[in-house]
Amino acid sequence: MGMNIKRSIITYSVIVLCLVVIYGSIFMLLMFREGQHIPGQMDNVNPVTAIYWVIATMTTVGYGDVYFVEGAGRLFSVVVAISGVILLFALLFPLVITPWIESRVKAALPTSVSPALSDHLIICGYSLLVESLIEELEHQRIPFVVVEDDSSVVRDLLERGILCIHGDPCDKNTLDGANIQKARVLIANKSDEIDADIVLTARDMCEVKTITILEDLSKRKYLEYAGADSVIAPKSMLGSFMGRKAADPTVSHLVGATKFLKDIEIIEFPIHPESELIGKSLKESEIRKRTGCNIIGMWASGELSLNPKSTDIIRSNSILLAVGTDEQLMALKKLTR
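Here is the structure:
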């Protein structure tokens, strides 16, 4: 049981104990006053009966064998009953029950992979961009594991049959559970600050190749200082291609490609005015079937869409972000011309 849960149980127990003592003392005082002129009430003026009455009232059991007759006592009974309900539903569940359940659920999530897993990718942080990358890795039959600290995301990925572990990607134990010593590439896809910590932690453990997915261009130098081998900024990559499209529409090689595996690269492709893809949806263009590439993003009307829908239309001002081998990407390039 975690320290936070133990602390919550102790806090809750102290609150209950204090209320029982306070309410018990008030019970004996009010019962003593009634007993001075009401026969039989004086018999209830003792600590045992006081504790019995407080607990029965707070838990709303209310056996009815001990009760107040006068108005002050009855009003006190209402206060004790309401506070008992509040104590049960407003404190017990959020302080004790819910954290305990969450801890049990998290404990059931995997925190390590098989020791046999090697030459694989470690993807720290799930997102729409990673979703498309996962599809490409599965298509290329490249082993990988996703490291995620959000338990709900881990459960969803596990239900889909995707290898995933739960833990903090900045923690050495988590990366060790992902077999970082045997991995070929680590991809950091959290916030820029966390990515820097991930890279530093990975560098401290082994010489694995590291790639970071950048959000803020101003943070690029920090990730490079941390030791990232490659820094990929999808939005910047797509935006820069808009200028290259006008400046050099006949370039014959893959400019701006970022290699993150031996045979797989990620690159942007502008759609040229006479491309056969213009006016077709991603589904109708059959890019995956015709080239083997996977489209993981598309820039259209000034907006970047990661993991675009199959119904999205390719237009003359669109820019595609594709993943594939050099041969597959060259085939896609021909379609965009």
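Going by this note's numbering, the sequence shown opens with residue 18, and the numbers climb by one from there.
C-beta: ideal position from N, C-alpha, C; glycine also.
No experiment lies behind these values; they were computed from the predicted model shown.
Residues near residue i in its chain [Cβ-Cβ closer than 8 Å; skip 5 each side]
i: L271; result: Per-residue confidence for L271 stands at a pLDDT of 43, beneath the threshold of 50, marking its modelled position as unreliable; the derived number appears in the next sentence. Closer than 8 Å at Cβ, skipping near neighbours: E282, I284, D343, L346, M347 and K350.
i: G341; result: E153, I281, E282, T308, G309, C310, N311 and L349
i: V162; result: V130, L134, H137, L138, I139, I140, L180, C181, I182, A195 and N196
i: I32; result: L104 and L108
i: T77; result: A98, G101 and V102
i: A264; result: Model confidence at A264 stands at a pLDDT of 41, short of 50, so the residue's coordinates are unreliable and nothing is read from them.
i: A49; result: Per the sequence shown, the amino acid found at residue 49 is Phe instead of Ala. Around F49: M59 and V62.
i: P132; result: N196
i: F85; result: L47, M48, E51, R91, F93 and S94
i: D166; result: H183, G184, D185 and P186
i: G79; result: A73 and A98
i: A125; result: none
i: T28; result: L112
i: S322; result: G314, M315, W316 and D329
i: I43; result: F93
i: E155; result: none
Bounding residues of the alpha helix (DSSP H) (the contiguous stretch that carries residue i)
i: P15; result: No answer is possible for residue 15: the residues shown for the chain start at 18 and end at 354.
i: E241; result: R237 to A243
i: L192; result: K189 to G194
Own chain residues within Cβ distance below 7 Å of residue i, not counting five before or after
i: M45; result: V62 and A67
i: T74; result: S94, V97, A98 and G101
i: I295; result: I288, I331, R332 and S333
i: K236; result: D209
i: G52; result: Q58, M59 and V62
i: G41; result: P64, A67, I68 and V71
i: F106; result: none
i: R305; result: N311
i: I55; result: V86
i: S302; result: L294 and I331
i: L34; result: none
i: P325; result: L299, I312, G314 and M315
Rounded distance between the beta-carbons of residue j and residue i, thought under 8 Å
i: I99; j: C141; result: Contact flag wrong, Cβ pair sits at about 48 Å.
i: L231; j: I211; result: Not really, about 12 Å apart at Cβ, beyond 8 Å.
i: L357; j: A219; result: Coverage of the chain is limited to positions 18 through 354, which leaves residue 357 absent and any answer about it impossible.
i: L175; j: M222; result: The Cβ separation is near 25 Å, so there is no contact.
i: T328; j: K297; result: In fact, because the Cβ distance is near 11 Å, the residues do not count as touching under 8 Å.
i: A89; j: L47; result: 6 Å
i: S335; j: M315; result: 6 Å
i: N206; j: V147; result: 6 Å
Terminal residues of the beta strand (DSSP E) in which residue i lies
i: A107; result: No beta strand (DSSP E) holds A107; DSSP gives it neither H nor E.
i: T227; result: K226 to I230
i: E301; result: It is not in any beta strand (DSSP E) - E301 instead sits in the alpha helix (DSSP H) that spans L299 to S302.
i: G341; result: I336 to G341
i: V83; result: Taken as a continuous stretch (DSSP letters only), V83 belongs to no beta strand (DSSP E), as it is neither H nor E.
i: V62; result: It is not in any beta strand (DSSP E) - V62 carries neither H nor E in the DSSP assignment.
i: S327; result: Neither: S327 is in no beta strand (DSSP E) and is coded neither H nor E.
i: I249; result: S247 to I249
Beta bridge counterpart(s) of residue i as assigned by DSSP
i: T77; result: In the DSSP output, where bridge partners are listed per residue, T77 has none listed.
i: E165; result: H183
i: A205; result: C141 and T229
i: I312; result: A339
i: S322; result: M315
Residues near residue i in its chain [Cβ-Cβ closer than 6 Å; skip 5 each side]
i: K262; result: For K262, the predicted model reports a pLDDT of 39, less than 50, meaning its position is unreliable; a value from the coordinates is still stated below. Once the five neighbours on either side are set aside, the close Cβ partners of K262 are P287.
i: M259; result: Any reading at M259 must be qualified, since the residue scores a pLDDT of 40, below 50, and its modelled position is unreliable; no value is offered.
i: I26; result: V113
i: P127; result: I182
i: I39; result: none
i: A200; result: H137, I139 and V225
i: G244; result: V216 and R220
i: T227; result: L203, V216, A219, A245 and D246
i: S257; result: Because the pLDDT of S257 is 47, which lies under 50, any placement of that residue in the model is unreliable, and the question is left without a value.
i: V170; result: Y143
i: K238; result: none
i: Q198; result: C223
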